[in-house]
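See the structure below:
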């Protein structure tokens, strides 16, 4: 049995683990420039971290755009954690955290290949596919039940 835990991260104790996950997924796997990933927004965002059997394997951040909209960004799961629904669990936890702050809407820039996961969670695609950091993305939005 695989034990998956997703929770709000402790910035000071766990940011190095978050950095390592994002570096592995975005920079090493996808070839993203580190300056695009670590864009100065982490300190003002809420960070989530996921563990599988006690090992950190996934992360995402929530950035509050205004009092009505939050953006979930930097969703990343290490290869060792894939196939256990961890990405979905991170997204569900992020939406739970956002809803607890009475923010009614969530927006994401989903990598095109993973938009099906977000559709399963109730996100609606809007607009055209666009490139961000050389990767095809689509804007998706979801209204949260208040």
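Numbering (UniProt numbering), first residue to last: 1 to 146. For every residue, glycine included, the Cβ atom is placed at its ideal position computed from N, Cα and C. Keep in mind the model is a prediction, meaning the values are calculated, not measured.
| Item | Value |
| --- | --- |
| Just to confirm the assignment, what range does the alpha helix (DSSP H) spanning residue 36 have? | 34-37 |
| Whole angstroms are fine: how far does the CA of residue 99 sit from the CA of residue 141? | 14 Å |
| So what does DSSP say about residue 84, is it helix, strand or coil? | coil |
| I need the straight-line Cα distance from residue 73 to residue 81, nearest angstrom please. | 18 Å |
| If we count the other Cβ atoms within 10 Å of its Cβ and call it buried at 16 or more, is residue 130 buried or exposed? | exposed |
| For residue 10, I'd like the list of residues in its chain whose CB is within less than 7 Å of its CB, leaving aside the five on either flank, ordered along the chain. | none |
| Between residue 138 and residue 107, what straight-line distance do the alpha-carbon atoms span, to the nearest angstrom? | 10 Å |
| If contacts are defined as beta-carbon pairs under 8 Å, then residue 86 and residue 52 qualify, I think. What distance do you get, rounded to the angstrom? | 7 Å |
| Any idea what DSSP makes of residue 114, helix, strand or coil? | helix |
| Please classify residue 94 as buried or exposed, where buried requires at least 16 other C-beta atoms within 10 Å of its C-beta. | buried |
| Distance, Cα to Cα, residue 113 vs residue 37? | 19 Å |
| What is the rounded straight-line gap between the Cα of residue 123 and the Cα of residue 16? | 30 Å |
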